[in-house]
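What follows is a short report on a single structure.
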Amino acid sequence: NRVLQPLYFTVSFGLRYLGGFFDVRYTVVLHESHARHGKQGFPHYNDSARTSQSIFTWHPHSALTVMPFTLFQPSEVFGRDVFVGVARPLYFIPILREILMVGNCRIADDDVLDKILESGRSLLIQPGGVHEQINFRDDHEIAYFSGNLGFLRKAVKYGISVVPSYSFGENQLYKYRPDRIKISAFLSRLGLPTPAASGLFGLPALLNPYSGKPKLIVGAAIDTKCHAQDGDEDMAVCHVFEAYLAALRSIWHSHHHHLPAAVANKGLRFVYRAGGEQGDVLSDEAADDQKLVAAFANRCQARRAAEDAGKSGPASLNMEGKAAKQA
């Protein structure tokens, strides 16, 4: 990485103007709690602002996420110490891999993320990940959450804040193509995440987005320390998850008018992928968000019960064996 470090400013400059080249021009709206000073217009976007160590998140993923590479990191919205978590398959592509490394992108593996956070740096993560990418839709805004809520567990573990954001118009940079679902599923099974989507000229969704003016709304930081006082990580994550969903709903209600009316009228759907018997738990309104929190709590309880059974199982069998021998 030290060899590539001198290339940072060149690559950053190129990425910073890449969005403009495709006529994708972002506007950043920061919550009033964030420091706002220095240069505010394109291509800087608050490049002199700094925050304490945090886990930044963004929604939605879209067919090919454009925002973190052409805006958030190269434009230094919150400083260069923010590393972007990306899917492992991207690092198998020559040249792209080197560009990602220079642009502070790292594989979103558990040990890699731990090293970044232990060094005191911040992370930018997309909670829905590859699953959200594969299930891309441009006519309905849907935020997916994996069963373990790893991004929130990291925040609780290291006692750092979570800063949610939503990019209104990100999904509309590509078109959903239901006629490509089969080929999308086939390629995804081969290990190449491929959404059923297209960009300009009907070509597969690559660096060929439609023109647009997405608005990235950065919400207030969510404190995790206040929820971790009893030492129960599962309970702490449960409380932070509840606060996170409420914060995301608040951003949506204040800014959904930036979307096409047909999309905004459908509302924002949350999908928690609980797995097991619970399956996917859906919520379309704030009143139903508690279902997702309850599903996560149930998942944690089931995991603990399985762990306890595994610990007591061998011991109980040994006791029964000894009793049988004595008899």
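In terms of this note's numbering, the sequence shown opens at residue 995 and continues consecutively. Note that the Cβ used here is the ideal one computed from N, Cα and C, for glycine as well.
Is it buried or exposed for residue i, if we count other Cβ within 10 angstroms and need 16 for buried?
| i | result |
| --- | --- |
| R1131 | buried |
| K1148 | buried |
| L1094 | buried |
| L1058 | buried |
| I1110 | buried |
| H960 | Residue 960 lies beyond the range of the chain shown here (995 to 1321); nothing can be said about it. |
| S1155 | buried |
| S1248 | exposed |
| S969 | Any question about residue 969 goes unanswered here, given that the chain covers just 995 to 1321. |
| R1171 | buried |
| P1189 | buried |
| I1245 | buried |
| Q1295 | exposed |
| E1126 | buried |
| D1278 | exposed |
| F1145 | buried |
| A1303 | exposed |
| F1195 | exposed |
Taking residue i as part of the alpha helix (DSSP H), name the residues at either end of that continuous run.
| i | result |
| --- | --- |
| E1227 | E1227 to H1249 |
| G1261 | Looking at the DSSP string, G1261 is not in any alpha helix (DSSP H), and its letter there is neither H nor E. |
| V1106 | D1104 to E1112 |
| L1143 | Taken as a continuous stretch (DSSP letters only), L1143 belongs to no alpha helix (DSSP H), as it is neither H nor E. |
| K1090 | Sequence inspection shows Leu at residue 1090; the Lys mentioned does not correspond to that position. Taken as a continuous stretch (DSSP letters only), the alpha helix (DSSP H) holding L1090 covers L1090 to V1096. |
| G1123 | G1123 to I1128 |
Less than 9 Å between the beta carbons of residue i and residue j, yes or no?
| i | j | result |
| --- | --- | --- |
| A1199 | Y1168 | yes |
| I1049 | S1116 | yes |
| Q1166 | Y1138 | no |
| I1128 | S1192 | no |
| A1333 | S1027 | The structure shown does not extend to residue 1333, since the chain is modelled only from 995 to 1321, so the question has no answer here. |
| G984 | R1293 | Since the displayed the chain opens at 995 and closes at 1321, residue 984 lies outside it and no answer follows. |
| P1158 | H1053 | yes |
| L1201 | F1016 | yes |
| L1024 | V1212 | yes |
| L1143 | F1290 | yes |
| G1163 | G1206 | yes |
| T1218 | L1118 | no |
| V1231 | V1150 | yes |
| Q1272 | Y1152 | no |
| V1022 | L1210 | yes |
Among residues of its own chain, excluding the 5 on either side of residue i, which ones have a beta-carbon nearer than 6 Å to its beta-carbon?
| i | result |
| --- | --- |
| E1301 | none |
| V1124 | A1081 and P1187 |
| R1267 | S1140, G1141 and D1274 |
| V1106 | R1100 |
| A1280 | R1243 |
| L1253 | F1162 |
Excluding the 5 residues preceding and the 5 following residue i in the sequence, name in chain order all residues of the same chain whose CB lies nearer than 8 Å to its CB.
| i | result |
| --- | --- |
| H1134 | V1257, K1260 and R1263 |
| A1102 | G1079, V1080, A1081, R1082, I1119 and G1123 |
| P1227 | Here residue 1227 is Glu; the residue named in the question, Pro, does not match the sequence. Only R1147, V1150 and K1151 meet the Cβ criterion. |
Could you check where the beta strand (DSSP E) with residue i kicks off and where it finishes?
| i | result |
| --- | --- |
| L1118 | S1116 to I1119 |
| Y1138 | E1135 to F1139 |
| V1076 | V1076 to V1080 |
| L1058 | Segment: none, L1058 is in no beta strand (DSSP E) and carries neither H nor E. |
| L1024 | T1021 to L1024 |
| D1274 | G1273 to S1277 |
| V1156 | S1155 to V1157 |
Apart from the five residues just before and just after residue i, which ones in its own chain have a Cβ nearer than 7 Å to its Cβ?
| i | result |
| --- | --- |
| Q1320 | Its pLDDT being 43, under 50, Q1320 is placed unreliably in this model, and the value from its coordinates should be taken loosely. Excluding residues within five positions, none has a Cβ falling inside 7 Å. |
| L945 | Nothing can be reported for residue 945: it is not among the residues displayed for the chain, which extend from 995 to 1321. |
| F1235 | L1143, L1146, V1287 and F1290 |
| H1233 | H1221 |
| K1305 | none |
| R1174 | A1190 |
Ordered list of alpha helix (DSSP H) runs contained in the region 1174-1224, each at least 4 residues:
1175-1183
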